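No gaps in the numbering here: position 308 of the sequence shown is 912 in my numbering, and each next residue is one more. Read the structure below first, then the notes.
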Amino acid sequence: DGVFPLVSPYLNVNAFAQTLYIRAEDTVTGCFSVVAMQLEVKASPEMPELEPIQVCDTNQDGIHTVDLTQQTQPILDAQTGAGPYTVRYYASLAAAEAGTGAIVTPQNYTGTDGQTIWVRVTDTVTGCFTVGSFELEINTPLALAPAYQLSVCDNTESFQDNIAVFDLTSMDAVITGNTAGHSVQYFLTLADVQSGNAIATPESFSNGDIPGTNNPYTLFVTVTDAATGCVSTTTLTIRVLPLPTPNTDPAPLVACDNVDSPNGTEIFDLTVNETYLSDGDPNLIFEYYDADGNQIPDPTAHEGVGIIYIHVMNSQLGSDGENCHVIVEQLLIVNPLPVVNPGVVNAVCQQSNNGFAVFTLSDSNADVLGAGQDIAGFTFSYHLTLAEAQAGTGALADQYTNTTINQQEVFVRVVNTTTGCVNTVGVMLIADNGSTAGEILDADPRITTCDDDGINDGFYEFDLTQFDAEILGTQGPEYTLHYYDDQALMNLDIAEGPTTTYSNAIVDPATYTNLTAFSQTIYALVINTTSVTGCPAIEEFILTVNPLPEPVITDDNNGFICVDFVSGTASPVVLTTNYSTDPGYSFEWYLGADLVGTDPTYTITSIAGATATYGLIVTNLATGCVSEREEIVITRSGAAVITDIQVTNAFTDSQTITVITAGYGQYEYSLDGGAWQSSNVFYDVPLGVSQGGEHSIEVRDVLGGCDNTGPEEVFLIGYPKYFTPNGDGIHDTWNIVGLYDQPNAKIYIFDRYGKLIKQLSPSADSQGWDGTMNGSPLPSTDYWFRVEYVEQGVAKEFRAHFS
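Next up, the structure:
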């Protein structure tokens, strides 16, 4: 109908294919015709973003032959259509869009740095094409000199061997001109360059690792631009320069410290050994350095000590600008002066008290010499003046009498025999008044005592002040007295001199108890408090504490005496002591308060009561010391007297035996040799038919071990329950058992009807009943009996039967 006509240009709304309709109308007649038109859209080839082509310009002119076709494959790889495609390269955009004037030999194209190359990719089926571009980057390698030099002084352990360790990397900045972004590699040979076999440790490369001639030697060098990868090449010739050959063992420079300012350093002329060091080479140069590496400006007057480092140089100049040199150590020795102590006093205690004394000057040597020095390494001489001591003239004799009353100063010269260094100092000679200490005689009774203070331990309290008068004598109040029980502690106080508090002395000599049992050495020290040294005088004596005898009394019967209870007779007991065999002691034996003997032993033959106390006092004949009274108690005991043995419960199975005794002891009882018991009663004693009812009793004393009593016999009364009169010798007769001691007892045997068959005697010689009557055996059956006897003084009768 001709409405909604399309506007040209027209953007199709259907991808790749769309049908449009064309209306042609006569504007005069209004007649029109409509035809269809097919639109087709073909896809253009893809053009990826292309990276620049980079090449290195080896001749530094900025022009280089480039293979442009290295971009072809990335372009083809980017296509998604069926193709095929063609790729052409152009020098301009217009030529590329027109498709004319393509570069004929793109694989060998001479380009310039920064040039744009245009590329056209065409789909040969559709004819569609796309144009793109990329840049040419013609990079210029770093410009280098054709050759470089590196010279070092021989620096290996084996000097003068033409071998050195080179830090090749020290040439990096020189070769690159300090241009950033470049790396340097070093190669032994050109072949190594081509194979990339660079020296692994250029910072410590030894030409000794090079086979053949290696000094000098030319290495190959490459410099690579880190950004472009472009490589420059050059050479580096390395050379080992010879060292000087001086003597390296100069003698130490030695001086004594300055006496006015002894600081341990001295001024030395360090150049004195240059002739020796040169060893005939007049071209050597010397520089001197201290331990901190500082060059010494005036080596002819250098104050110091220790090691100085001498750089001995020749004319060979290394690449570092330094002359080749050897470092020689020069030892500076400053020997110390002998260390001397000022204020030394040599005091002599003279008994004449006239202000003059003979001094042994060498006695001051050890005091003069400072601590930590061996006196054997020094000599000493004494002089009247300091000037003579410093000059070493006018030495005094070792035995010297002062010429100025009471005190005089002399001067000592001390020389170190090893170094020869000298020092001097003054020594004051003082003639002091001496002290005396009176003698305490060994026989003085005050220094010996018996240990009679109640504890016989060898310790005793002494009053040492009772010796003051004898020891001090008539000396004045300036003389003091101190007592010691330790010589070493006394010597410590003496060494401190008269100003000490004598803190090691016995604190309270009036109540002194010895520290060593039985014997204690005492040192009485007299001091002149107005003297320099105290002028000590010492009296030594020994305090003796004699022990008291300590007797121990023993007897031969464990403290008991055995006395017969009936006769009163006693078995003798002998008392002895631990001193009985020693003739150096006397003895006093006492019964109670009565002296009964003076022999080493005492024999007791009787005792008046249940106990008796004996005492002993022992005297040491050598010391006169008397023991405390030692006592022993003797107890009376004795063997038992059996006065009666009582048997009860006759004719039963539980008869009892009671033993009645008298005596002084404590007793135990035994039945038939069995175990001992403290009870005198035995219960449930068996009859013992085979023994005729006989048992034995024995009694022993458990206190004094006195004699045993017994055995004594006792009989139990009983009867056999049966007998077998068959002539075999076993149980052939029957009788009452245990009535052997009652001959008047009567035994009657009856049959079951009460007929008297037999009357027996219980005596030991009675054969008993043999089972017959009038010589004829009676039948086996029960028979009855009656026995008349006495028990505990009471007449009794017992009836029973047997078979």
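By construction, the Cβ of each residue, glycine as well, lies at the ideal position given by its N, Cα and C atoms. For clarity, every value in this text was computed on a predicted model and none was experimentally measured.
1. Can you tell me where the beta strand (DSSP E) with residue 1239 in it begins and where it stops?
2. Please state whether the Cβ-Cβ distance between residue 1027 and residue 959 is less than 7 Å.
3. Is the separation between the beta-carbon of residue 734 and that of residue 649 shorter than 7 Å?
4. If you draw a straight line from the alpha carbon of residue 1037 to that of residue 972, how long is it in whole angstroms?
5. Have a look at 1145, 1007 and 842 and flag the residue whose alpha-carbon is nearest the alpha-carbon of residue 814.
6. Consult DSSP for residue 1050 and reduce its assignment to one of helix, strand or coil.
7. Residue 1319 to residue 1254, Cα distance in whole Å?
8. Determine the direct distance from the alpha carbon of residue 1189 to that of residue 1070, and round the result to whole angstroms.
9. If you draw a straight line from the C-alpha of residue 1349 to the C-alpha of residue 1399, how long is it?
10. Does DSSP put residue 865 in a helix, a strand or coil?
11. For residue 935, tell me which candidate among 1156, 946, 855 and 951 has the shortest Cα-Cα distance.
12. Touching or not, the segment 1235-1253 and the segment 1201-1217, by the rule of three or more beta carbon pairs under 8 Å?
13. Anyone know if the C-beta pair for residue 875 and residue 904 falls short of 7 Å?
14. Pairing CB atoms from the segment 1348-1367 with CB atoms from the segment 1300-1317, are three or more of them under 8 Å?
15. On the DSSP bridge assignment, give the partners of residue 1033 in chain order.
16. Roughly how far, in whole angstroms, is the beta-carbon of residue 597 from the beta-carbon of residue 1321, given that I think they are within contact range, below 8 Å?
17. Report all residues from its chain with a CB closer than 6 Å to the CB of residue 1068; omit the five preceding and five following residues, and keep chain order.
18. Taking C-alpha atoms, which residue in 721, 918 and 726 lies nearest to residue 548?
19. With distance defined between alpha-carbon atoms, name the residue in 1135, 1122, 1164 and 1136 nearest to residue 1146.
20. Does the beta-carbon of residue 1267 have 16 or more other beta-carbons within 10 angstroms, so that it is buried, or is it exposed?
21. Just to confirm the assignment, what range does the beta strand (DSSP E) spanning residue 1408 have?
22. Could you tell me which residues DSSP pairs with residue 1190 in its beta bridges?
23. Between residue 968 and residue 759, what straight-line distance do the alpha-carbon atoms span, to the nearest angstrom?
24. Classify residue 1417 as buried or exposed, calling it buried when 16 or more other Cβ atoms lie within 10 Å of its own Cβ.
25. State buried or exposed for residue 675, treating a residue as buried only when at least 16 other CB atoms are found within 10 Å of its CB.
26. For the beta strand (DSSP E) containing residue 1075, name the first residue and the last one.
27. Considering only the beta carbon of each residue, do residue 807 and residue 771 sit closer than 7 Å?
28. Going straight from the alpha carbon of residue 1072 to that of residue 1104, what length do you get?
29. Looking at the structure shown, is residue 1057 part of a helix, part of a strand, or coil, going by DSSP?
30. Any contact of the segment 700-714 with the segment 635-651, i.e. 3+ C-beta pairs under 8 Å?
31. Do you know offhand how far residue 838's Cα is from residue 718's?
32. Per DSSP, residue 721 is paired with what?
33. Using 8 Å for Cβ pairs, my map puts residue 1158 next to residue 1180. What's the rounded Cβ distance?
34. Could you round the C-beta distance between residue 974 and residue 943 to whole angstroms and report it? I think they count as a contact, below 8 Å.
35. Check whether the Cβ atoms of residue 689 and residue 710 sit closer than 7 Å, and answer yes or no.
Put simply:
1. Walking along the sequence shown from the start, residue 1239 turns up at place 635. First-last of the beta strand (DSSP E) with residue 1239: 1234-1241.
2. Looking up residue 1027 in the sequence shown gives position 423. Looking up residue 959 in the sequence shown gives position 355. In this structure, residue 1027 sits away from residue 959, with a CB-CB distance that is not shorter than 7 Å.
3. Translated into positions along the sequence shown, residue 734 becomes position 130. Translated into positions along the sequence shown, residue 649 becomes position 45. Against a cut-off of 7 Å, the Cβ pair of residue 649 and residue 734 comes out as a contact.
4. The residue you call residue 1037 lines up with position 433 of the sequence shown. The residue you call residue 972 lines up with position 368 of the sequence shown. Going from the Cα of residue 1037 to the Cα of residue 972 covers about 24 Å.
5. If you number the sequence shown from 1, residue 814 lands on position 210. Cα-wise, what sits closest to residue 814 is 842.
6. Residue mapping note: residue 1050 aligns to position 446 of the sequence shown, counting from 1. The answer is helix: DSSP assigns residue 1050 an H, G or I state.
7. For the purposes of this step, residue 1319 is identified with residue 715 of the sequence shown, where counting begins at 1. For the purposes of this step, residue 1254 is identified with residue 650 of the sequence shown, where counting begins at 1. Looking at the two C-alpha atoms, the distance is approximately 10 Å.
8. By 1-based counting over the sequence shown, the position of residue 1070 is 466. By 1-based counting over the sequence shown, the position of residue 1189 is 585. Each residue's Cα considered, the two are about 32 Å apart.
9. Start at 1 with the first residue of the sequence shown, and residue 1349 comes out as number 745. Start at 1 with the first residue of the sequence shown, and residue 1399 comes out as number 795. So the alpha carbons of these two residues sit roughly 10 Å apart.
10. For the purposes of this step, residue 865 is taken as residue 261 along the sequence shown, with counting starting at 1. Coil at residue 865, not helix or strand.
11. Counting from one through the sequence shown, the residue named residue 935 turns up at place 331. Nearest of 1156, 946, 855 and 951 to residue 935, Cα basis: 855.
12. Because the criterion of three Cβ pairs below 8 Å is met, the segment 1235-1253 and the segment 1201-1217 touch.
13. If you number the sequence shown from 1, residue 875 lands on position 271. If you number the sequence shown from 1, residue 904 lands on position 300. Yes. Within cutoff.
14. Fewer than three pairs of CB atoms, one per stretch, sit closer than 8 Å, so the segment 1348-1367 makes no contact with the segment 1300-1317.
15. Sequence index remark: in the sequence shown, residue 1033 carries index 429 (1-based). Answer by DSSP bridge pairing, in chain order: 950 and 1012.
16. With the chain covering only 605 through 1407, there is no way to say anything about residue 597.
17. Indexing the sequence shown from 1 puts residue 1068 at position 464. The answer, listed in chain order, is 1087, 1113 and 1116.
18. Shown here, the chain extends from 605 to 1407; a query on residue 548 therefore has no answer.
19. Within the sequence shown, numbered from 1, the residue matching residue 1146 stands at position 542. Of the candidates 1135, 1122, 1164 and 1136, the one whose C-alpha sits nearest the C-alpha of residue 1146 is 1122.
20. Locating residue 1267 in the sequence shown gives position 663, where the first residue counts as 1. By the neighbour-count rule (16 or more Cβ atoms within 10 Å), residue 1267 is buried.
21. Residue numbering for the chain in the displayed model covers 605 to 1407; residue 1408 lies beyond these limits and cannot be assessed.
22. Translated into the one-based positions of the sequence shown, residue 1190 becomes position 586. Its beta-bridge partners are 1223.
23. For the purposes of this step, residue 968 is taken as the residue at position 364 of the sequence shown. For the purposes of this step, residue 759 is taken as the residue at position 155 of the sequence shown. Going from the Cα of residue 968 to the Cα of residue 759 covers about 59 Å.
24. For the chain, the structure presents residues 605 to 1407; residue 1417 sits outside this window and is missing.
25. Position 71 of the sequence shown holds residue 675. Buried.
26. For the purposes of this step, residue 1075 is taken as the residue at position 471 of the sequence shown. Unbroken run through residue 1075 is the alpha helix (DSSP H), 1072-1076; no beta strand (DSSP E).
27. For the purposes of this step, residue 807 is taken as the residue at position 203 of the sequence shown. For the purposes of this step, residue 771 is taken as the residue at position 167 of the sequence shown. Yes, they are a contact pair.
28. In the sequence shown, the residue the question calls residue 1072 occupies position 468. In the sequence shown, the residue the question calls residue 1104 occupies position 500. Computed Cα separation, rounded: 20 Å.
29. As a working mapping, residue 1057 is identified with position 453 in the sequence shown. Looking at residue 1057 - three-state DSSP - the assignment turns out to be coil, as it is neither helix nor strand.
30. no
31. Walking along the sequence shown from the start, residue 838 turns up at place 234. Walking along the sequence shown from the start, residue 718 turns up at place 114. Roughly 28 Å separates the two Cα atoms.
32. Walking along the sequence shown from the start, residue 721 turns up at place 117. According to DSSP, which records beta bridges pairwise, residue 721 is partnered with 738.
33. Numbered from 1 along the sequence shown, position 554 holds the residue referred to as residue 1158. Numbered from 1 along the sequence shown, position 576 holds the residue referred to as residue 1180. Contact flag correct, Cβ pair sits at about 6 Å.
34. What you label residue 974 is simply residue 370 of the sequence shown in a count that begins at 1. What you label residue 943 is simply residue 339 of the sequence shown in a count that begins at 1. Between residue 943 and residue 974 the Cβ distance is about 3 Å, and since that is below 8 Å, they are a contact.
35. On the sequence shown, position 85 is the one that residue 689 refers to. On the sequence shown, position 106 is the one that residue 710 refers to. No.
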